[in-house]
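In this note's numbering, each number is its position in the sequence shown, counted from 1, plus 104.
The beta carbon of each residue, even a glycine, is placed where N, CA and C say it ideally should be.
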Amino acid sequence: MGTPQSFNWAVAPTGQIDPQAYQAMSTMPLWSPVGSFTAADADFFTSYRQVLNQITFKVSPERQGDLKRLKDLVTLANNDVTKATTEMNQAYLSQQQNGGVVFAARYPDVSSWIQGEGSSYQHAIDNAQVNFNRTQDQLLEMQKASMPADLQNAIDAIKRPTANPATSTNPVGWVKVPDGAGILSWQPGWTIATSGQDWRAELASGTVGSFTVELSAADATQNLTKSWANGSASYGNPFWSVGGSGGWEKMDLTTTDKSVKATISVKSSAVVPITPGSWYDGGFLSTIARNKGGGYSLTAPWVSNGGPGSQSLFGQYGLLPTRVSALVVAYQPSFSITMSSATFNQYHEKFEASGGLRIGPFSFGGSGGHESNYIHTTQGGTTFTGGSTSEDPVIIGVLVSFPGINDPGFAG
(Lines of atoms letter the chains of each structure in order from A and count residues from 1; the text may use other names and numbers.)
(Lines give C-alpha, C1' and ligand atoms only; values in the text may rest on other atoms or scores of the structure.)
Protein backbone atom coordinates (compact mmCIF):
# COMPACT_ATOMS: atom_id res chain seq x y z
CA MET A 1 0.00 0.00 0.00
CA GLY A 2 2.81 2.40 -0.92
CA THR A 3 4.69 3.44 2.21
CA PRO A 4 3.83 0.94 4.99
CA GLN A 5 1.94 2.25 8.02
CA SER A 6 2.91 1.41 11.59
CA PHE A 7 0.57 -0.98 13.38
CA ASN A 8 1.07 0.41 16.89
CA TRP A 9 -2.29 1.77 17.95
CA ALA A 10 -2.81 2.70 21.56
CA VAL A 11 -5.22 0.62 23.63
CA ALA A 12 -8.42 2.70 23.74
CA PRO A 13 -10.83 2.89 26.68
CA THR A 14 -13.90 0.66 26.50
CA GLY A 15 -16.33 1.94 23.88
CA GLN A 16 -13.67 3.91 21.99
CA ILE A 17 -11.37 3.29 19.02
CA ASP A 18 -7.96 4.90 18.53
CA PRO A 19 -8.24 7.56 15.75
CA GLN A 20 -5.41 6.03 13.71
CA ALA A 21 -7.02 2.60 13.92
CA TYR A 22 -10.39 4.03 12.96
CA GLN A 23 -8.96 5.74 9.90
CA ALA A 24 -7.41 2.47 8.68
CA MET A 25 -10.68 0.58 9.13
CA SER A 26 -13.09 3.17 7.74
CA THR A 27 -11.13 4.27 4.68
CA MET A 28 -12.33 3.24 1.23
CA PRO A 29 -9.52 2.18 -1.15
CA LEU A 30 -9.89 3.08 -4.80
CA TRP A 31 -9.01 0.57 -7.50
CA SER A 32 -5.25 1.09 -7.72
CA PRO A 33 -2.17 -0.28 -9.51
CA VAL A 34 -0.14 -2.99 -7.79
CA GLY A 35 1.97 -1.39 -5.05
CA SER A 36 -0.13 1.76 -4.91
CA PHE A 37 -2.77 2.72 -2.37
CA THR A 38 -5.19 5.58 -2.88
CA ALA A 39 -8.13 6.22 -0.59
CA ALA A 40 -11.29 7.98 -1.69
CA ASP A 41 -11.98 11.43 -0.24
CA ALA A 42 -15.12 10.09 1.43
CA ASP A 43 -14.96 7.33 4.02
CA PHE A 44 -16.91 4.11 3.62
CA PHE A 45 -19.80 5.09 5.90
CA THR A 46 -20.43 8.42 4.13
CA SER A 47 -20.57 6.69 0.76
CA TYR A 48 -22.79 3.93 2.16
CA ARG A 49 -25.29 6.56 3.32
CA GLN A 50 -25.21 8.14 -0.12
CA VAL A 51 -25.94 4.79 -1.77
CA LEU A 52 -29.02 4.35 0.40
CA ASN A 53 -30.13 7.82 -0.69
CA GLN A 54 -30.18 6.70 -4.34
CA ILE A 55 -32.57 3.80 -3.73
CA THR A 56 -36.13 4.74 -4.52
CA PHE A 57 -39.60 3.17 -4.40
CA LYS A 58 -43.11 4.11 -5.46
CA VAL A 59 -44.39 7.34 -3.85
CA SER A 60 -46.85 10.07 -4.81
CA PRO A 61 -45.71 12.70 -7.35
CA GLU A 62 -45.88 15.40 -4.66
CA ARG A 63 -43.65 13.45 -2.28
CA GLN A 64 -41.29 12.60 -5.14
CA GLY A 65 -40.79 16.33 -5.79
CA ASP A 66 -40.01 17.02 -2.13
CA LEU A 67 -37.52 14.15 -2.09
CA LYS A 68 -35.79 15.46 -5.19
CA ARG A 69 -35.37 18.92 -3.68
CA LEU A 70 -33.80 17.47 -0.53
CA LYS A 71 -31.55 15.18 -2.57
CA ASP A 72 -30.29 18.22 -4.45
CA LEU A 73 -29.45 19.88 -1.13
CA VAL A 74 -27.61 16.73 -0.02
CA THR A 75 -25.59 16.80 -3.25
CA LEU A 76 -24.65 20.46 -2.69
CA ALA A 77 -23.66 19.73 0.92
CA ASN A 78 -21.53 16.79 -0.20
CA ASN A 79 -19.84 19.02 -2.78
CA ASP A 80 -18.92 21.38 0.06
CA VAL A 81 -17.26 18.49 1.94
CA THR A 82 -15.32 17.49 -1.17
CA LYS A 83 -14.26 21.11 -1.78
CA ALA A 84 -13.04 21.52 1.82
CA THR A 85 -11.12 18.23 1.63
CA THR A 86 -9.51 19.17 -1.68
CA GLU A 87 -8.46 22.57 -0.34
CA MET A 88 -6.90 20.89 2.72
CA ASN A 89 -4.91 18.43 0.59
CA GLN A 90 -3.76 21.15 -1.80
CA ALA A 91 -2.67 23.39 1.07
CA TYR A 92 -0.70 20.55 2.68
CA LEU A 93 1.05 19.63 -0.59
CA SER A 94 1.90 23.28 -1.23
CA GLN A 95 3.43 23.73 2.22
CA GLN A 96 5.20 20.38 1.91
CA GLN A 97 6.84 21.50 -1.33
CA ASN A 98 7.80 24.91 0.07
CA GLY A 99 8.83 23.66 3.52
CA GLY A 100 11.24 20.98 2.36
CA VAL A 101 12.89 18.58 4.78
CA VAL A 102 12.06 20.62 7.89
CA PHE A 103 8.33 20.62 7.15
CA ALA A 104 8.38 16.92 6.20
CA ALA A 105 10.09 16.02 9.46
CA ARG A 106 7.61 18.02 11.52
CA TYR A 107 4.51 16.98 9.59
CA PRO A 108 5.22 13.63 7.86
CA ASP A 109 1.59 13.27 6.78
CA VAL A 110 -1.53 15.36 6.46
CA SER A 111 -3.01 13.88 9.65
CA SER A 112 -0.23 15.37 11.78
CA TRP A 113 -0.46 18.72 9.96
CA ILE A 114 -4.20 19.21 10.56
CA GLN A 115 -3.63 18.68 14.28
CA GLY A 116 -1.22 21.63 14.24
CA GLU A 117 -0.80 24.44 11.72
CA GLY A 118 -3.47 23.05 9.40
CA SER A 119 -6.22 22.80 12.01
CA SER A 120 -8.34 25.48 10.31
CA TYR A 121 -8.70 23.26 7.26
CA GLN A 122 -9.91 20.38 9.42
CA HIS A 123 -12.43 22.72 11.08
CA ALA A 124 -13.75 23.68 7.63
CA ILE A 125 -14.18 20.01 6.75
CA ASP A 126 -15.88 19.32 10.09
CA ASN A 127 -18.34 22.18 9.56
CA ALA A 128 -19.13 21.04 6.03
CA GLN A 129 -19.57 17.48 7.28
CA VAL A 130 -21.98 18.60 10.03
CA ASN A 131 -24.12 20.40 7.44
CA PHE A 132 -24.01 17.37 5.16
CA ASN A 133 -25.05 15.02 7.97
CA ARG A 134 -27.91 17.31 9.00
CA THR A 135 -29.23 17.63 5.44
CA GLN A 136 -28.90 13.92 4.85
CA ASP A 137 -30.78 13.15 8.07
CA GLN A 138 -33.65 15.37 6.89
CA LEU A 139 -33.79 13.45 3.63
CA LEU A 140 -33.75 10.11 5.41
CA GLU A 141 -36.59 11.13 7.71
CA MET A 142 -38.75 12.12 4.74
CA GLN A 143 -37.96 8.86 2.96
CA LYS A 144 -38.87 6.79 6.01
CA ALA A 145 -42.48 7.99 5.95
CA SER A 146 -43.39 5.72 3.04
CA MET A 147 -40.49 3.32 2.52
CA PRO A 148 -40.56 -0.51 2.76
CA ALA A 149 -39.46 -2.10 6.05
CA ASP A 150 -36.04 -3.45 4.96
CA LEU A 151 -34.93 -0.08 3.60
CA GLN A 152 -36.34 1.65 6.67
CA ASN A 153 -34.32 -0.69 8.90
CA ALA A 154 -31.17 0.13 6.92
CA ILE A 155 -31.89 3.86 7.26
CA ASP A 156 -32.54 3.57 11.01
CA ALA A 157 -29.23 1.79 11.51
CA ILE A 158 -27.19 4.65 10.04
CA LYS A 159 -28.84 7.50 11.93
CA ARG A 160 -26.24 9.16 14.13
CA PRO A 161 -26.84 9.15 17.91
CA THR A 162 -27.83 12.50 19.41
CA ALA A 163 -26.69 11.90 23.00
CA ASN A 164 -23.45 13.43 24.29
CA PRO A 165 -20.72 10.81 23.70
CA ALA A 166 -18.74 12.07 26.69
CA THR A 167 -21.50 11.06 29.11
CA SER A 168 -23.50 8.37 27.29
CA THR A 169 -23.11 4.65 26.73
CA ASN A 170 -22.63 3.42 23.19
CA PRO A 171 -25.76 2.70 21.14
CA VAL A 172 -25.64 -0.58 19.22
CA GLY A 173 -23.39 -0.26 16.18
CA TRP A 174 -21.69 2.97 17.26
CA VAL A 175 -18.35 3.83 18.85
CA LYS A 176 -16.60 6.90 20.28
CA VAL A 177 -13.53 8.31 18.51
CA PRO A 178 -11.46 11.17 19.99
CA ASP A 179 -10.18 13.94 17.74
CA GLY A 180 -6.78 15.63 18.01
CA ALA A 181 -7.96 17.62 21.04
CA GLY A 182 -9.40 14.53 22.75
CA ILE A 183 -13.03 15.51 22.10
CA LEU A 184 -15.22 12.45 21.51
CA SER A 185 -17.62 12.06 18.60
CA TRP A 186 -19.94 9.25 17.53
CA GLN A 187 -18.72 7.19 14.60
CA PRO A 188 -20.12 4.02 13.02
CA GLY A 189 -18.52 1.05 14.72
CA TRP A 190 -15.98 -1.38 13.30
CA THR A 191 -14.64 -4.52 14.93
CA ILE A 192 -11.00 -5.57 14.65
CA ALA A 193 -9.95 -9.05 15.75
CA THR A 194 -7.82 -7.71 18.60
CA SER A 195 -5.85 -4.58 19.52
CA GLY A 196 -2.73 -3.39 17.74
CA GLN A 197 -0.72 -3.98 20.91
CA ASP A 198 -1.83 -7.63 21.11
CA TRP A 199 -0.93 -8.25 17.48
CA ARG A 200 2.39 -6.52 18.04
CA ALA A 201 3.27 -8.90 20.89
CA GLU A 202 2.19 -11.95 18.90
CA LEU A 203 4.10 -11.06 15.74
CA ALA A 204 7.26 -10.06 17.60
CA SER A 205 7.40 -13.33 19.55
CA GLY A 206 7.44 -15.84 16.70
CA THR A 207 7.74 -16.67 13.01
CA VAL A 208 4.11 -17.45 12.16
CA GLY A 209 3.37 -16.26 8.65
CA SER A 210 7.02 -15.68 7.70
CA PHE A 211 7.51 -15.54 3.94
CA THR A 212 10.03 -14.75 1.22
CA VAL A 213 9.48 -13.26 -2.23
CA GLU A 214 12.14 -13.49 -4.94
CA LEU A 215 12.26 -11.10 -7.89
CA SER A 216 14.55 -11.10 -10.93
CA ALA A 217 15.51 -8.48 -13.49
CA ALA A 218 12.69 -9.70 -15.72
CA ASP A 219 10.13 -8.74 -13.06
CA ALA A 220 11.18 -5.09 -13.39
CA THR A 221 9.54 -5.03 -16.82
CA GLN A 222 6.19 -6.36 -15.59
CA ASN A 223 3.15 -4.17 -16.21
CA LEU A 224 2.18 -2.82 -12.79
CA THR A 225 -0.67 -0.79 -14.25
CA LYS A 226 -2.86 -3.85 -13.72
CA SER A 227 -4.80 -3.07 -10.61
CA TRP A 228 -5.30 -5.29 -7.59
CA ALA A 229 -9.03 -5.31 -8.29
CA ASN A 230 -8.64 -6.81 -11.78
CA GLY A 231 -9.01 -3.43 -13.44
CA SER A 232 -6.41 -1.04 -14.78
CA ALA A 233 -5.06 2.27 -13.54
CA SER A 234 -2.16 4.63 -14.17
CA TYR A 235 1.11 3.86 -12.39
CA GLY A 236 3.83 6.47 -12.03
CA ASN A 237 6.35 4.82 -9.71
CA PRO A 238 9.56 3.27 -11.11
CA PHE A 239 10.21 -0.39 -10.19
CA TRP A 240 13.52 0.46 -8.46
CA SER A 241 13.78 3.73 -6.57
CA VAL A 242 15.44 5.33 -3.55
CA GLY A 243 13.97 8.05 -1.42
CA GLY A 244 13.20 9.64 1.90
CA SER A 245 11.58 12.87 3.03
CA GLY A 246 11.97 14.49 -0.39
CA GLY A 247 10.16 11.74 -2.31
CA TRP A 248 11.28 8.87 -4.55
CA GLU A 249 13.98 8.91 -7.24
CA LYS A 250 14.42 6.30 -9.95
CA MET A 251 17.39 3.91 -9.59
CA ASP A 252 17.21 1.70 -12.67
CA LEU A 253 19.33 -1.28 -11.68
CA THR A 254 18.14 -3.46 -14.55
CA THR A 255 18.65 -1.21 -17.59
CA THR A 256 21.77 -3.12 -18.62
CA ASP A 257 22.19 -5.68 -15.82
CA LYS A 258 19.98 -8.74 -16.27
CA SER A 259 21.65 -10.58 -13.37
CA VAL A 260 19.91 -8.47 -10.71
CA LYS A 261 17.96 -10.51 -8.15
CA ALA A 262 16.05 -9.32 -5.09
CA THR A 263 14.90 -11.32 -2.08
CA ILE A 264 12.25 -9.82 0.21
CA SER A 265 11.46 -11.47 3.55
CA VAL A 266 9.39 -10.84 6.67
CA LYS A 267 9.97 -12.49 10.06
CA SER A 268 6.24 -12.96 10.68
CA SER A 269 2.93 -11.76 9.30
CA ALA A 270 -0.81 -11.95 9.89
CA VAL A 271 -4.12 -11.09 8.28
CA VAL A 272 -6.20 -9.09 10.78
CA PRO A 273 -9.96 -9.25 10.02
CA ILE A 274 -12.10 -6.10 10.15
CA THR A 275 -15.90 -6.17 10.30
CA PRO A 276 -18.39 -3.27 10.09
CA GLY A 277 -20.92 -2.87 12.89
CA SER A 278 -24.64 -3.58 12.78
CA TRP A 279 -25.22 -0.31 10.88
CA TYR A 280 -24.05 -2.08 7.68
CA ASP A 281 -26.36 -4.36 5.67
CA GLY A 282 -24.33 -5.99 2.92
CA GLY A 283 -27.15 -8.38 2.06
CA PHE A 284 -29.49 -5.51 1.29
CA LEU A 285 -26.85 -3.94 -0.97
CA SER A 286 -26.54 -7.24 -2.82
CA THR A 287 -30.30 -7.27 -3.35
CA ILE A 288 -30.16 -3.77 -4.84
CA ALA A 289 -27.03 -4.38 -6.93
CA ARG A 290 -28.35 -7.58 -8.48
CA ASN A 291 -31.90 -6.29 -8.94
CA LYS A 292 -33.45 -9.12 -6.94
CA GLY A 293 -36.80 -7.38 -6.57
CA GLY A 294 -38.49 -5.81 -3.59
CA GLY A 295 -40.03 -2.99 -5.61
CA TYR A 296 -36.85 -0.89 -5.57
CA SER A 297 -35.23 1.13 -8.32
CA LEU A 298 -32.36 3.59 -8.56
CA THR A 299 -32.87 7.31 -9.02
CA ALA A 300 -31.78 8.51 -12.46
CA PRO A 301 -29.07 8.69 -13.69
CA TRP A 302 -27.63 6.16 -11.20
CA VAL A 303 -26.94 2.58 -12.31
CA SER A 304 -25.83 -0.47 -10.37
CA ASN A 305 -22.42 -1.18 -11.96
CA GLY A 306 -21.51 0.79 -15.06
CA GLY A 307 -18.39 1.64 -17.00
CA PRO A 308 -16.12 4.71 -17.09
CA GLY A 309 -18.07 7.96 -16.87
CA SER A 310 -21.22 6.31 -15.55
CA GLN A 311 -22.87 7.23 -12.27
CA SER A 312 -22.52 3.81 -10.68
CA LEU A 313 -23.22 2.76 -7.12
CA PHE A 314 -20.97 -0.32 -7.13
CA GLY A 315 -17.89 -1.65 -8.92
CA GLN A 316 -14.71 0.03 -10.09
CA TYR A 317 -16.41 3.31 -11.02
CA GLY A 318 -18.96 3.22 -8.24
CA LEU A 319 -19.84 5.42 -5.32
CA LEU A 320 -19.10 2.46 -3.02
CA PRO A 321 -16.32 0.51 -4.79
CA THR A 322 -14.61 -1.30 -1.90
CA ARG A 323 -14.64 -2.03 1.81
CA VAL A 324 -11.58 -2.88 3.92
CA SER A 325 -12.16 -6.42 5.21
CA ALA A 326 -8.71 -7.14 6.69
CA LEU A 327 -5.27 -5.64 7.25
CA VAL A 328 -2.14 -7.46 6.05
CA VAL A 329 0.47 -6.91 8.76
CA ALA A 330 4.18 -7.81 8.61
CA TYR A 331 6.97 -7.73 11.19
CA GLN A 332 10.46 -6.48 10.31
CA PRO A 333 10.47 -6.85 6.50
CA SER A 334 13.94 -6.95 4.92
CA PHE A 335 15.56 -7.15 1.48
CA SER A 336 18.73 -8.29 -0.26
CA ILE A 337 19.61 -7.30 -3.84
CA THR A 338 22.50 -8.88 -5.75
CA MET A 339 23.94 -7.41 -8.96
CA SER A 340 27.08 -7.15 -11.03
CA SER A 341 30.02 -5.19 -9.66
CA ALA A 342 29.57 -2.61 -12.43
CA THR A 343 25.96 -1.95 -11.42
CA PHE A 344 26.98 -1.86 -7.77
CA ASN A 345 29.67 0.75 -8.47
CA GLN A 346 27.19 2.87 -10.43
CA TYR A 347 24.50 3.00 -7.74
CA HIS A 348 25.99 2.24 -4.32
CA GLU A 349 26.53 5.90 -3.34
CA LYS A 350 22.92 6.78 -4.17
CA PHE A 351 21.73 3.74 -2.20
CA GLU A 352 23.91 4.48 0.83
CA ALA A 353 22.71 8.10 0.98
CA SER A 354 19.04 7.22 0.72
CA GLY A 355 16.38 7.10 3.42
CA GLY A 356 14.31 4.41 1.77
CA LEU A 357 14.08 1.86 -1.02
CA ARG A 358 11.22 0.74 -3.25
CA ILE A 359 11.24 -2.55 -5.15
CA GLY A 360 8.12 -2.78 -7.30
CA PRO A 361 5.16 -2.89 -4.89
CA PHE A 362 7.40 -3.20 -1.78
CA SER A 363 8.60 -0.12 0.14
CA PHE A 364 11.19 0.19 2.92
CA GLY A 365 11.78 3.40 4.89
CA GLY A 366 10.85 6.52 2.96
CA SER A 367 8.66 9.29 4.30
CA GLY A 368 6.23 9.29 7.20
CA GLY A 369 8.75 8.79 9.97
CA HIS A 370 9.91 5.35 8.79
CA GLU A 371 13.48 6.51 8.04
CA SER A 372 14.49 6.19 11.71
CA ASN A 373 13.66 2.46 11.68
CA TYR A 374 15.26 1.76 8.30
CA ILE A 375 18.77 0.29 8.10
CA HIS A 376 20.70 -0.45 4.92
CA THR A 377 24.24 -1.46 4.00
CA THR A 378 26.34 -2.90 1.18
CA GLN A 379 28.21 -6.19 1.07
CA GLY A 380 30.99 -7.61 -1.05
CA GLY A 381 30.79 -5.06 -3.83
CA THR A 382 27.72 -6.74 -5.32
CA THR A 383 24.91 -6.62 -2.73
CA PHE A 384 22.52 -4.10 -1.18
CA THR A 385 20.77 -5.18 2.03
CA GLY A 386 18.41 -3.49 4.45
CA GLY A 387 15.10 -3.57 6.25
CA SER A 388 13.07 -2.41 9.21
CA THR A 389 14.31 -2.60 12.81
CA SER A 390 11.05 -1.34 14.28
CA GLU A 391 9.42 -3.38 17.03
CA ASP A 392 6.08 -2.25 15.61
CA PRO A 393 4.60 -4.38 12.81
CA VAL A 394 3.68 -2.50 9.65
CA ILE A 395 0.54 -2.62 7.54
CA ILE A 396 1.73 -3.58 4.06
CA GLY A 397 -1.68 -3.99 2.45
CA VAL A 398 -5.38 -4.51 2.93
CA LEU A 399 -7.84 -7.17 1.85
CA VAL A 400 -10.99 -5.71 0.39
CA SER A 401 -14.51 -6.86 -0.40
CA PHE A 402 -16.73 -5.32 -3.04
CA PRO A 403 -20.14 -4.14 -1.81
CA GLY A 404 -22.95 -5.39 -4.00
CA ILE A 405 -20.48 -7.71 -5.75
CA ASN A 406 -18.64 -9.24 -2.78
CA ASP A 407 -15.64 -10.74 -4.57
CA PRO A 408 -12.36 -11.03 -2.62
CA GLY A 409 -9.45 -8.82 -3.58
CA PHE A 410 -6.12 -7.40 -2.40
CA ALA A 411 -4.93 -3.80 -2.21
CA GLY A 412 -1.20 -3.88 -1.69
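* To do: Could you tell me whether the Cβ atoms of residue 429 and residue 490 are closer together than 8 Å?
  => Not in contact: residue 429 and residue 490 (Cβ atoms no closer than 8 Å).
* Asked: With a CB to CB cut of under 8 Å and the five nearest residues on each side skipped, what residues in its chain are close to residue 132?
  -> Result list for residue 132: 143, 144, 146, 147, 148, 151, 424, 425, 426, 427, 428, in chain order.
* To do: Could you tell me if residue 226 is buried or exposed, where buried requires 16 or more neighbouring beta carbons within 10 angstroms of its beta carbon?
  => Answer is buried; the Cβ neighbour count reaches 16.
* Asked: Is it buried or exposed for residue 240, if we count other Cβ within 10 angstroms and need 16 for buried?
  -> By the neighbour-count definition (other C-beta atoms within 10 Å, threshold 16), residue 240 is a buried residue.
* To do: State the beta-bridge partners of residue 178 as determined by DSSP.
  => Residue 178 pairs with nothing; no bridge assigned.
* Report all residues from its chain with a CB closer than 8 Å to the CB of residue 235; omit the five preceding and five following residues, and keep chain order. => The answer, listed in chain order, is 181, 184.
* Do you know offhand how far residue 364's Cα is from residue 449's? -> Residue 364 and residue 449 have their C-alpha atoms roughly 14 Å apart.
* Asked: Are the region 384-391 and the region 252-261 in contact at 8 Å, needing three or more beta carbon pairs?
  -> Counting Cβ pairs under 8 Å, three or more are found: they touch.
* DSSP state of residue 506 mapped onto helix, strand, coil -> Here DSSP, grouped into helix, strand and coil, assigns residue 506 to coil.
* Let me know the secondary structure DSSP gives residue 500 once reduced to three states. => Residue 500: strand per DSSP, three-state reduction.
* Asked: Touching or not, the region 151-169 and the region 186-204, by the rule of three or more beta carbon pairs under 8 Å?
  -> Too few Cβ pairs lie closer than 8 Å, so no.
* Asked: Does the beta-carbon of residue 312 have 16 or more other beta-carbons within 10 angstroms, so that it is buried, or is it exposed?
  -> That one is exposed.
* Asked: Roughly how many angstroms separate the alpha carbons of residue 177 and residue 170, rounded to a whole number?
  -> Each residue's Cα considered, the two are about 11 Å apart.
* Which residues does DSSP pair with residue 383 in a beta bridge? -> Looking at the DSSP assignment, residue 383 forms no beta bridge with any residue, so it has no partner.
* Throw me the rounded Cβ distance for the residue 431 and residue 376 pair, which I believe falls under 8 Å. => Right, the Cβ-Cβ distance comes to about 4 Å (below 8 Å), so this counts as a contact.
* Asked: Once you ignore the five residues that flank residue 412 on each side, which residues in its own chain have a CB closer than 8 Å to its CB?
  -> By the criterion of a C-beta distance shorter than 8 Å, residue 412 is surrounded in its chain by 421, once the five residues flanking it on both sides are discounted.
* Cα separation between residue 453 and residue 268? -> Put simply, the backbone Cα of residue 453 is about 58 Å away from that of residue 268.
* To do: Would you mind working out which of 262, 276, 284 sits nearest residue 153, comparing C-alpha positions?
  => Looking at the Cα atoms, 262 is the closest of the given residues.
* residue 251 versus residue 222 - alpha carbon distance -> Their Cα atoms are separated by approximately 43 Å.
* To do: May I have the straight-line CA-CA distance separating residue 469 from residue 109, to the nearest angstrom?
  => For residue 469 and residue 109, the distance between alpha carbons rounds to 10 Å.
* Asked: If you run the structure through DSSP and keep just helix, strand and coil, what is residue 454?
  -> In this structure, DSSP gives residue 454 a helical state, which the three-state scheme calls helix.
* To do: Using the Cα positions of residue 232 and residue 359, report the straight-line distance between them to the nearest angstrom.
  => Roughly 50 Å between the two C-alpha positions.
* **Residues sharing a beta bridge with residue 344, DSSP** => Bridge pairing for residue 344: 463 [DSSP].
* To do: Mark residue 200 as exposed unless 16 or more other C-beta atoms lie within 10 angstroms of its C-beta, in which case mark it buried.
  => Buried is the call here.
* Asked: Which residues in the same chain have their Cβ closer than 7 Å to the Cβ of residue 362, if we skip the five residues on either side of it in sequence?
  -> Cβ neighbours of residue 362 within its own chain (closer than 7 Å, five residues either side excluded): 321.
* Validate contact between the region 388-407 and the region 273-282 using beta carbons, cut 8 Å, 3 pairs -> The region 388-407, when compared against the region 273-282, does not touch it at the 8 Å Cβ threshold.
* Asked: Looking at the unbroken beta strand (DSSP E) that takes in residue 430, where does it start and where does it end?
  -> Note, residue 430: beta strand (DSSP E), 427-435.
* Could you tell me if residue 167 is buried or exposed, where buried requires 16 or more neighbouring beta carbons within 10 angstroms of its beta carbon? => Exposed.
* **For residue 253: DSSP bridge partner residues** => In DSSP, residue 253 forms no bridge with anything.
* Taking residue 229 as part of the alpha helix (DSSP H), name the residues at either end of that continuous run. => 223-248 is the span of the alpha helix (DSSP H), which, as asked, contains residue 229.
* **Alpha-carbon to alpha-carbon, residue 253 and residue 212** => Straight-line Cα distance between these residues: approximately 47 Å.
* Asked: Would a C-beta distance cut-off of 8 Å place residue 123 and residue 380 closer than the cut-off?
  -> Not closer than 8 Å, so no.
* To do: Please say whether residue 370 and residue 460 have beta carbons closer to each other than 8 Å?
  => Contact annotation: residue 460 and residue 370 have beta-carbon atoms that are not nearer than 8 Å.
* Given that a residue counts as buried once 16 or more other Cβ atoms are within 10 Å of its Cβ, and exposed if not, what is residue 115? -> Exposure of residue 115 is indicated by the presence of fewer than 16 other C-beta atoms within 10 angstroms of its C-beta.
* Asked: When we look at the beta-carbon of residue 242 and count the other beta-carbons within 10 Å, is it buried (16 or more) or exposed?
  -> Exposed is the call here.
* Grab the span of the alpha helix (DSSP H) containing residue 314 for me, first residue to last. => Neither: residue 314 is in no alpha helix (DSSP H) and is coded neither H nor E.
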